[in-house]
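Going by UniProt numbering, the first residue of the sequence shown is number 1, and it counts up by one from there. Quick reminder that beta carbons are idealized off the backbone N, C-alpha and C, glycines included. Here the structure is a predicted model, which is why all the values come from computation and not from measurement. Following: one structure in structure tokens, then a few remarks.
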Amino acid sequence: MEGIRTMESATGGIGAGTVGETPATGGATLSRGQAFEVSVVMPCLNEQDSVGVCVRKALAGLAAAGAVGEVVVVDNGSTDRSAELAKAAGARVVHETRRGYGNAYLAGFAAAEGRLIVMGDADDSYDFSDLDALLAPLRAGRADYVLGSRFAGKILPGAMPWLHRYVGNPVLTGILNHLFDVRSSDAHSGMRAFSREAYQRMRLRCEGMELASELVIAAGRAGLRIEEVPITYHPRVGDSKLHSLRDGWRHLRFMLLLAPRYLFVLPGLVLLALGLVGQAVLLAGSLDLGFHRLDLHFSILFALLALLGWQVVLLGVCADVHNHAVGWQERRRWPLPLVHRVFTLERGLALGVGLFTVGFVVDIVVLLRWLANDLGPLNELRPALLAMTLMVLGAQTAFGSFFLRLLTAGPSGGHQRATARPAMRAPGDPPGGTPLVGMHYQTQEHPAEAVGF
């Protein structure tokens, strides 16, 4: 049909696209071959009461901003008339059968043809008729990534539950800012805009709700220029699909897994130091604190703390190396530079064997004293505990070094490369080039829905 093009989605679905002499910005026409400046991408799951309104507002917003653009609605398996109504309102519909907020957006980003990409939910909680403020920093060249902040703007009555407004969002945003050196007032806003180049540099891959966190983290780690603009948050049309505790935990889990130095390394070092210092202090005998006496029971506790701490540190270093190897972490932050500069398998083995040997020698000394005492009673439990601790620390270090070697260089000594799945390609990707959507990692099924807590 003249003026209508069908497009195969990433999962085999068909979407209708408005090209040729069809309205592109609520009145402007797009001649064949002319490029879109802006693509507005909306995920949709059973939003028949609001998706048409959102599409019309987006087209009006494009026209008001003087932008030649398109509206891409990603139907994520709707069982109502959402796709039909979105198309009738002027959107290009792309079908993504894999459920998930991230899956829907990644399909929409890959299908979008604009130089600038605006994202927002199809539940009418965001005002698409006012796109100019969101696009202005990108057009002026001041920013690569623009975040619409509800907390810097206005939250209308009934738009956000009290728990989300005063606990969930502030806490999660604060944690994200601290862990990843980002300065955001609303890290989980559902309305954002960025350039196509910024999208390529972020290399997004989350399939579920975690994409909302990943967008901010990836933007910061890619060194993008980030700017916030105030927006108004409206009560959504229809029932919310959010689950406060489950979705909040998914965001927190994702952030912690991307911050192994906070999750593993720093707590592990604290435990290790406490354990070793405690054992050293009690090695000569009990310690009287006035209100309590520290004796053998605490020596055992300190030994356990040291072993646990070092194991946690090793896990953190391995997690950090893994995150960098697969592309989750682009910037090398401590302790990764130290590992790359200092670590070799041979050095790790030498340290491990050295610790084990020292512990073994101490144990031999204890054994000789016992033999010298004709196998009678012997008060050598403290040095025996220290010896045991050193031997286990040495074994952990040696075996951990082999595992770290596998992560950093592989068994042959070459560089490890992450394996990517066949992925969606954005328009303009060269044949055979690297897909914009990166490696495949698990996230549980989750409907495409608003991310505001």
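Measure the alpha-carbon distance for residue i versus residue j and round it to whole angstroms.
i           : j    : result
V270        : R347 : 23 Å
Y262        : L256 : 8 Å
R245        : L345 : For the record, residue 245 in the displayed sequence is Leu; it is not Arg. So the two alpha carbons sit approximately 43 Å from each other.
T18         : R205 : Because T18 sits at a pLDDT of 36, beneath the cut-off of 50, its placement in the model cannot be relied upon, and the following sentence gives the value as read from the coordinates. The straight-line gap from Cα to Cα measures roughly 28 Å.
V392        : G238 : 58 Å
R115        : V146 : 14 Å
M260        : L314 : It is Pro, not Met, that sits at residue 260 in the sequence shown. Their Cα atoms are separated by approximately 11 Å.
Q396        : Q48  : 57 Å
L406        : A325 : 11 Å
V362        : L307 : 18 Å
S82         : F402 : 54 Å
G77         : L156 : 30 Å
T97         : L390 : 54 Å
L404        : W370 : 39 Å
E84         : L45  : 12 Å
A63         : L266 : 52 Å
V277        : N103 : 49 Å
R425        : V358 : Summary for R425: the model assigns pLDDT 40, below 50, so the residue's position carries little reliability; its value from the coordinates is reported in the next sentence. For R425 and V358, the distance between alpha carbons rounds to 56 Å.
T232        : N323 : 36 Å
P161        : A133 : 26 Å
H178        : F302 : 30 Å
H95         : Y105 : 11 Å
V254        : S213 : Just to set this straight, residue 254 is Phe in the shown sequence, not Val. If you take the alpha carbons of F254 and S213, they lie about 8 Å apart.
W249        : R236 : 23 Å
residue 454 : G394 : Residue 454 is absent from the structure shown; the chain starts at 1 and stops at 453.
L283        : K241 : 58 Å
N379        : F356 : 23 Å
residue 455 : R183 : This structure leaves residue 455 out entirely; the chain is present only between 1 and 453.
F360        : L368 : 12 Å
G285        : L375 : 22 Å
Are there 16 or more other CB atoms within 10 angstroms of the CB of residue i, so buried, or fewer, so exposed?
i    : result
R142 : exposed
H251 : buried
K154 : exposed
R92  : buried
E228 : buried
Y166 : exposed
E197 : exposed
D181 : exposed
I364 : exposed
L289 : exposed
W328 : buried
T79  : exposed
V342 : exposed
N169 : buried
A219 : buried
L211 : buried
F291 : exposed
V171 : exposed
A372 : exposed
G268 : buried
Within the same chain, show all residues whose beta-carbon is closer than 7 Å to that of residue i, passing over the 5 residues directly before and after it, in chain order.
i    : result
F128 : V40, C54, K57, A58, G61 and G120
A89  : G52, V55 and R56
V281 : L287
D130 : G61
Quick check: residue i and residue j, are their CB atoms within less than 8 Å of each other?
i           : j    : result
Y199        : I300 : no
S50         : A159 : no
R192        : L215 : yes
A112        : V72  : yes
G309        : G275 : yes
residue 471 : A152 : Residue 471 is absent from the model: the chain starts at 1 and stops at 453.
L135        : A86  : no
V339        : V317 : yes
S189        : R225 : no
D124        : H234 : yes
For residue i and residue j, which I take to be in contact (beta-carbon distance under 8 Å), what is that distance rounded to the nearest angstrom?
i    : j    : result
M209 : Y101 : 5 Å
L294 : L287 : 4 Å
A107 : V68  : With a Cβ gap of about 23 Å, A107 and V68 do not count as contacting.
G352 : A398 : 3 Å
L138 : S195 : 6 Å
Please return the same chain residues whose Cβ sits closer than 6 Å to the Cβ of residue i, not counting the five positions on each side in sequence.
i    : result
A187 : T173, L176 and V216
A384 : V366
E207 : G100, G102, N103 and T443
D247 : M209
D349 : Sequence check: residue 349 is Leu here, not Asp. Around L349: A398 and S401.
V321 : L407 and T408
In chain order, what residues of the same chain lie with their CB nearer than 8 Å to the CB of residue i, ignoring the 5 residues before and after it?
i           : result
A319        : L257, P260, L263 and F264
residue 465 : Any answer about residue 465 is impossible in this case: the structure gives the chain only from 1 up to 453.
E37         : A67, V68, G69, G114, R115 and L116
Are the C-beta atoms of residue i and some chain C residue less than 8 Å apart?
i    : result
A384 : In summary, chain C is missing from the structure at hand, where a single protein chain is found.
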